[in-house]
Amino acid sequence: MADCPLIFDRDPPCISRCRVEGEYDENLPLSAVQDMLRQCVDSLSDWDEVTLDEALFTVERMALLLKGRVKIPPDALAKMCDVATGTKEALTGVSHPQLWEVYLRIGDVQMSCGDAEVAEDSYTEAFLLEDANVEVWNNLGLAKKRRGDVEGARESYERAVKMEPDYPQAWFNLGMLQFELEEMDGAKKAFMRVIRLDPANPVALNNLGVILRREGLLEEALKLFNRSLELLPDYAKAWHNKGITLVNLEREEQGVKCIYNALRLQPDLSDAKEELEKLGYGVSNDTSLN
Numbered sequence: 121m122a123d124c125p126l127i128f129d130r131d132p133p134c135i136s137r138c139r140v141e142g143e144y145d146e147n148l149p150l151s152a153v154q155d156m157l158r159q160c161v162d163s164l165s166d167w168d169e170v171t172l173d174e175a176l177f178t179v180e181r182m183a184l185l186l187k188g189r190v191k192i193p194p195d196a197l198a199k200m201c202d203v204a205t206g207t208k209e210a211l212t213g214v215s216h217p218q219l220w221e222v223y224l225r226i227g228d229v230q231m232s233c234g235d236a237e238v239a240e241d242s243y244t245e246a247f248l249l250e251d252a253n254v255e256v257w258n259n260l261g262l263a264k265k266r267r268g269d270v271e272g273a274r275e276s277y278e279r280a281v282k283m284e285p286d287y288p289q290a291w292f293n294l295g296m297l298q299f300e301l302e303e304m305d306g307a308k309k310a311f312m313r314v315i316r317l318d319p320a321n322p323v324a325l326n327n328l329g330v331i332l333r334r335e336g337l338l339e340e341a342l343k344l345f346n347r348s349l350e351l352l353p354d355y356a357k358a359w360h361n362k363g364i365t366l367v368n369l370e371r372e373e374q375g376v377k378c379i380y381n382a383l384r385l386q387p388d389l390s391d392a393k394e395e396l397e398k399l400g401y402g403v404s405n406d407t408s409l410n
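Sequence positions in the sequence shown follow the numbering used here and run 121 to 410.
In structure tokens:
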């Protein structure tokens with residue numbers, strides 16, 4: 121086995137040999153991460169409780185990397201998904217109280233790699249071992265939704281919020297599902313719950329603003345769009361929605377500037393282009409706020 125490129129802090133030839141001192145280093149070179157993962161898979165033929173802990177460490181770090189802390193090239197992403205699948209296969213026959221969490225993180229990696237079907241299988245393995253964990257049900261819902269199983273996703277999210285009523289991510293995902301299905305009463309309740317639990321969620325603020333605007337509550341909607349943009353100034357959809365609301369409030373000049381700003385931030389935002397054309401403005405005009 122090749123030498124590990126990082127600091128060794130234990131003897132077993134697995135992930136612990138490749139940990140950096142102290143906390144996980146988010147600037148860890150991708151090649152080093154891949155070496156760590158490969159070495160762990162290579163060592164899975166002789167597992168014990170220590171190496172199971174190390175597997176959990178491995179897939180947790182992978183999940184963090186794939187959630188955007190490090191930009192992963194497509195070929196490397198595919199390799200990391202292979203590592204996650206190999207890790208899962210090597211766990212066959214292993215029994216341990218933490219095993220469900222390893223399956224959960226493997227599913228997270230597989231979801232980040234775009235394979236919702238295998239991720240759903242991993243999440244299912246997780247809840248078969250631990251059916252009282254809210255994150256398992258929430259993530260299972262995400263995988264089901266991506267695969268097109270809308271009712272399965274709804275059931276998973278509802279199970280999650282019933283299990284832990286103060287878990288904002290499950291309320292958010294339930295609200296997004298209902299929002300996309302035009303179930304606005306349910307979506308409104310879900311987003312209000314999210315904002316109460318997590319006031320710094322710009323997407324929930326934006327989406328609740330859209331619902332209030334549809335109800336004719338324009339000033340209240342405008343406040344929500346402003347709050348969303350305070351949290352995320354480059355959020356193109358919030359600029360677009362703020363612009364539409366200002367136009368509806370007969371403040372067209374300000375509204376048009378906001379819509380142009382949305383296009384500057386996201387040039388392919390078709391709704392913004394359509395709105396400008398409907399108002400009689402060209403999309404090639406000044407696209408910045410004065």
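By construction, the Cβ of each residue, glycine as well, lies at the ideal position given by its N, Cα and C atoms.
Residues near Tyr223 in its chain [Cβ-Cβ closer than 6 Å; skip 5 each side]: Non-local beta-carbon contacts of Tyr223 in its own chain, meaning distances under 6 Å to residues more than five positions away in sequence, involve Ser242, Glu245 and Ala246 in chain order.
### Query
Going by other Cβ atoms of all chains shown within 10 Å of its Cβ, with 16 needed for buried, is Arg316 buried or exposed?
Exposed is the call here.
Checklist entry - Buried or exposed: where does Pro125 fall if 16 or more other Cβ atoms within 10 Å of its Cβ makes it buried? => result Residue confidence is low: Pro125 scores 29 on pLDDT, short of 50, so the model does not pin down where it sits. No coordinate-derived value is stated.
**Q.** Glu284 versus Phe311: straight-line alpha-carbon distance, rounded
**A.** In a straight line, the C-alpha of Glu284 is about 16 Å away from that of Phe311.
* To do: Determine the DSSP secondary structure at Cys378, reduced to helix, strand or coil.
  => When DSSP states are grouped into helix, strand and coil, Cys378 belongs to the helix group.
Q) Could you give the distance in angstroms between the alpha-carbon of Lys264 and the alpha-carbon of Ser276? A) Approximately 9 Å between the Cα atoms of the pair.
Among the residues of its own chain, which have a CB less than 8 Å from the CB of Met231, if the five just before and after it don't count?
By the criterion of a C-beta distance shorter than 8 Å, Met231 is surrounded in its chain by Ala239, Asn259, Leu262, Ala263 and Arg266, once the five residues flanking it on both sides are discounted.
* Asked: Does DSSP put Tyr243 in a helix, a strand or coil?
  -> Here Tyr243 sits in helix by DSSP.
_For Ser276, report the span of its alpha helix (DSSP H) as first-last._
For Ser276, the enclosing alpha helix (DSSP H) begins and ends at Val270 to Met283.
Do you know how far the Cα of Trp220 is from the Cα of Pro322?
Rounded to the nearest angstrom, the two C-alpha atoms are 32 Å apart.
**Q.** As assigned by DSSP and simplified to three states, the class of Tyr287
**A.** Tyr287: coil per DSSP, three-state reduction.
Thinking C-alpha only, which one of Gly268, Cys233 and Glu250 is nearest Gln218? The shortest Cα separation from Gln218 among Gly268, Cys233 and Glu250 belongs to Glu250.
**Asked** Out of Tyr287, Asp286 and Glu278, which has the shortest C-alpha to C-alpha gap to Gln298?
**Response** Nearest in C-alpha terms to Gln298, of all of Tyr287, Asp286 and Glu278, is Glu278.
Fill in: Neighbour-count burial assignment, Gly363, 16 or more Cβ in a 10 Å radius
By the beta-carbon neighbour count (other beta carbons within 10 angstroms, threshold 16), Gly363 is buried.
Q | Per-residue DSSP class, three states only, for Thr212 | A | Thr212: coil per DSSP, three-state reduction.
Item checked: Cutoff 6 Å; reference Trp257; Cβ partners in own chain excluding five residues on either side -> Correct list, in chain order: Ser276, Arg279 and Ala280.
Residues of its chain near Gln374, where Cβ-Cβ distance is below 7 Å and the 5 sequence neighbours each way are ignored: Only Leu366 meet the Cβ criterion.
*asked:* If I measure Cβ to Cβ from Leu385 and keep anything under 6 Å in the same chain, skipping five residues before and after, which residues do I get?
replied: Excluding its 5 nearest sequence neighbours in each direction, Leu385 has C-beta neighbours in its own chain below 6 Å: Asp354 and Ala356, listed in chain order.
inquiry  = Does Gln386 come out as helix, strand or coil in the three-state DSSP assignment?
reply    = Gln386: coil per DSSP, three-state reduction.
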